[in-house]
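Engineer: Take this structure first; my questions come after.
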Amino acid sequence: MNNINRYQELIQKWLRGTISAAEKTELSRWYNSFSDDNKEIPDSYVQNEQQLRNRILDKINASIDVIEHRNTTRYLFTQVRLVAASVVLALVAGVSYFTVIKPRLDKETVGLYDIHPRGSSASLTLSDGKVISLDEQQSLIVDGEVKYLDGTTLFDPEAQRNGKISYAVLSTPKGGQYQLRLPDGTEVWLNALSSIRFPSGYDDNRREVELLSGEAYFSVSKQTDKKGRRVPFFVKSDQQSVEVLGTQFNINTYNPRYGVVTTVTEGSVAVTPTKTLERGVKVKALLTAGKQSIVGQTGSLSEKQVDTEEYMAWKEGLFHFSDATIYTVMAEFERWYDINVTYEISRSDDLFSGYIPKDVSLGEALSLLQIAGVNFELTSKNNLIVKQKKDKPINK
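Mapping of the sequence shown onto the UniProt record's numbering: position 329 corresponds to residue 329, and the numbering continues sequentially without gaps.
Structural data, given as structure tokens:
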């Protein structure tokens with residue numbers, strides 16, 4: 001586990017009251033690295049975060065290190081500084097960074113930048129064309145019928161009594177995420193601007209859903225038929241088919257030109273490009289935990305070992321960038337904050353790495369990039385211009 005995750009874990013244990021004496025000593029050492037005077041972390045922190053926040057803030061304006069390499073600039077938070085930034089953002093919703101930047105903005109601009117994600121929101125389209133706006137406070141559960149966890153039924157109960165399987169499409173808007181539990185107990189987390197088609201029930205031989213667009217994380221339950229044989233679970237998308245028995249994995253279809261990205265965190269899956277099946281050639285990649293495949297539009301298939309944390313961060317409420325271009329970063333912001341981004345810059349090779357909690361406002365998220373020297377202009381509630389940087393930070 002890297003330092004970032006370790007200190008966030010310790011902070012969360014402390015807040016929950018489950019931290020051990022040894023862990024509190026470890027956290028105290030890190031806490032005191034931001035000051036010359038050693039102090040024990042006050043237990044009152046749970047009620048009052050300001051003291052720790054102020055100490056960490058002293059480091060934030062100097063927290064960007066710049067590395068020049070082959071005409072590419074990488075903006076990195078280094079070790080303790082990265083941990084400090086991520087902990088502050090994770091625990092106090094990014095207000096610290098925004099407090100640093102906001103005084104530079106006039107009141108009108110601050111109002112424009114106060115754009116928040118939708119959170120848990122989605123719509124359900126039933127087989128008869130009826131569209132239902134889903135309750136933000138509820139998750140869906142499918143068990144022969146689609147209903148909220150409180151038992152409210154959304155599918156036609158008469159059709160269910162007659163044994164007819166119905167299909168529905170769950171869709172999330174920009175800035176929205178949603179969680180779904182399928183008839184077999186499989187859980188699905190749907191990211192922003194995504195949609196999935198699923199049935200009200202399964203037979204004993206096959207389980208299947210279709211990821212129509214966007215990104216989803218699956219925790220697939222193991223299921224056997226009457227003879228004790230495992231029943232496979234399939235996830236179809238435009239460019240591939242994924243077969244699993246019981247595992248956890250993520251599928252990202254946001255950028256079809258780049259390819260459909262499948263990342264496995266537990267168990268194993270078999271990925272088959274659709275194009276190869278159409279040509280009568282069966283090409284398949286067996287992915288185990290920590291492996292990732294990319295299926296291109298032509299049916300090309302590649303696989304590699306990855307740090308799965310980067311690809312699962314969205315489900316845990318984080319943006320996680322690792323050597324990401326400004327275009328990659330802003331594409332994420334477009335989907336999450338429901339904005340349109342245009343560029344008034346020459347092509348940028350700058351790369352960004354770090355974490356940003358997804359529950360912060362657009363202004364708070366942009367302020368992190370402003371520290372790195374990126375300029376923005378929000379012309380309306382939905383239109384953001386990325387401006388040419390006046391001065392690049394220099395690594396002294």
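Idealized CB from N, CA, C, for every residue including glycine. These figures come from a predicted structure and were not determined experimentally.
Let me know if I132 comes out buried or exposed under the rule of 16 or more other beta-carbons within 10 Å of its beta-carbon.
Structural biologist: Sequence index remark: in the sequence shown, residue 132 carries index 132 (1-based). Exposed, since its Cβ has fewer than 16 Cβ neighbours within 10 Å.
Engineer: Which same chain residues end up closer than 7 Å to E303 when comparing Cβ atoms and leaving out the 5 residues on each side of it in sequence?
Structural biologist: Numbered from 1 along the sequence shown, position 303 holds the residue referred to as residue 303. So the list reads A285, L287, K291, Q292 and S293, once near-sequence residues are dropped.
Engineer: Would you decide whether T342 is buried or exposed? Buried here means 16 or more other CB atoms lie within 10 Å of its CB.
Structural biologist: As a working note, residue 342 is residue 342 in the sequence shown. Answer is exposed; the Cβ neighbour count stays below 16.
Engineer: Flag this pair as yes or no: are the beta carbons of V209 and V235 separated by less than 8 Å?
Structural biologist: In the sequence shown, counting from the first residue as 1, residue 209 sits at position 209. In the sequence shown, counting from the first residue as 1, residue 235 sits at position 235. Contact flag set, yes.
Engineer: CB-CB under 8 Å to Q248, same chain, minus the five flanking residues each way: which ones, in chain order?
Structural biologist: Looking up residue 248 in the sequence shown gives position 248. Here the set comprises Y217, F218, S219, V220, V264, T265, E266 and G267.
Engineer: Among K282, L369 and S380, which has the Cα closest to the Cα of F321?
Structural biologist: As a first step, residue 321 must be located in the sequence shown, where it is residue number 321. When only C-alpha atoms are compared, the closest one is L369.
Engineer: Quick check on T262: buried or exposed, where buried means 16 or more other Cβ atoms within 10 Å of its Cβ?
Structural biologist: On the sequence shown, residue 262 is found 262 positions in, with the first residue counted as 1. Classification of T262: buried, given that the 10 Å Cβ count is 16 or more.
Engineer: Bridge partners of V360, per DSSP?
Structural biologist: For the purposes of this step, residue 360 is taken as residue 360 along the sequence shown, with counting starting at 1. V360 is not bridged to any residue.
Engineer: Given a cut-off of 8 Å, decide if E332 and F352 are closer than it, judged by their beta-carbon atoms.
Structural biologist: To locate residue 352, count along the sequence shown from 1; it is residue 352. To locate residue 332, count along the sequence shown from 1; it is residue 332. No. Outside cutoff.
Engineer: Assign Q223 to buried or exposed, taking buried as 16 or more other Cβ atoms, counted over all protein chains shown, within 10 Å of its Cβ.
Structural biologist: Sequence index remark: in the sequence shown, residue 223 carries index 223 (1-based). Buried is the call here.
Engineer: Just verifying my parser: in three-state terms, what is the DSSP assignment at R229?
Structural biologist: Looking up residue 229 in the sequence shown gives position 229. Three-state result, R229: coil.
Engineer: Sort I345, R118 and Q179 by Cα distance to W189 and report the nearest one.
Structural biologist: By 1-based counting over the sequence shown, the position of residue 189 is 189. Checked all of I345, R118 and Q179; the closest Cα to W189 is Q179.
Engineer: Using 8 Å for Cβ pairs, my map puts G175 next to S194. What's the rounded Cβ distance?
Structural biologist: Sequence index remark: in the sequence shown, residue 175 carries index 175 (1-based). Sequence index remark: in the sequence shown, residue 194 carries index 194 (1-based). About 12 Å separates the two Cβ atoms, so there is no contact after all.
Engineer: Alpha carbon to alpha carbon, how far is N382 from V306?
Structural biologist: The sequence position of residue 382 within the sequence shown is 382, counting from 1. The sequence position of residue 306 within the sequence shown is 306, counting from 1. Each residue's alpha carbon lies about 34 Å from the other.
Engineer: When we look at the beta-carbon of N255 and count the other beta-carbons within 10 Å, is it buried (16 or more) or exposed?
Structural biologist: Working through the sequence shown from its first residue, we reach residue 255 at position 255. Counting Cβ neighbours within 10 Å, N255 comes out exposed, since fewer than 16 surround it.
Engineer: Give the DSSP-derived three-state secondary structure of Y178 in the structure shown.
Structural biologist: Position 178 of the sequence shown holds residue 178. Y178 falls in the strand class under three-state DSSP.
Engineer: For L134, does the three-state DSSP call read helix, strand or coil?
Structural biologist: Stepping through the sequence shown from its first residue, residue 134 is reached at position 134. Three-state DSSP puts L134 in coil, outside helix and strand.
Engineer: Opposite G296 in the DSSP bridges: which residues?
Structural biologist: Taking the sequence shown and counting its residues from 1, the one referred to as residue 296 is at position 296. In DSSP, G296 forms no bridge with anything.
Engineer: For Q370, which of helix, strand or coil comes out of DSSP?
Structural biologist: As a first step, residue 370 must be located in the sequence shown, where it is residue number 370. Note: Q370 maps to helix in three-state DSSP.
Engineer: Going by C-alpha distance, which of V329, V360, Y337 and Y355 is nearest D349?
Structural biologist: One-based indexing of the sequence shown puts residue 349 at position 349. When only C-alpha atoms are compared, the closest one is V329.
Engineer: Excluding the five sequence neighbours on either side, which residues of its own chain have a C-beta within less than 6 Å of the C-beta of T379, listed in chain order?
Structural biologist: Walking along the sequence shown from the start, residue 379 turns up at place 379. Excluding positions up to five away in sequence, the list is empty.
Engineer: Just the Cα atoms here: how many angstroms apart are residue 424 and D359?
Structural biologist: What the structure shows of the chain is the stretch from 1 to 396, and residue 424 is not part of that stretch, so it cannot be assessed.
Engineer: Quick test of your reading: D114 and G363, contact by CB under 8 Å. State the CB separation rounded to the nearest angstrom.
Structural biologist: Taking the first residue of the sequence shown as 1, we reach residue 114 at position 114. Taking the first residue of the sequence shown as 1, we reach residue 363 at position 363. About 6 Å separates the two Cβ atoms, so the contact holds.
Engineer: Only counting the same chain, and skipping five residues up and downstream in sequence, which positions put a Cβ closer than 7 Å to that of P273?
Structural biologist: Locating residue 273 in the sequence shown gives position 273, counting from the first residue. Counting only Cβ-Cβ distances below 7 Å, and skipping sequence neighbours, we find Q239, Q240, V283, V295, G299 and L301.
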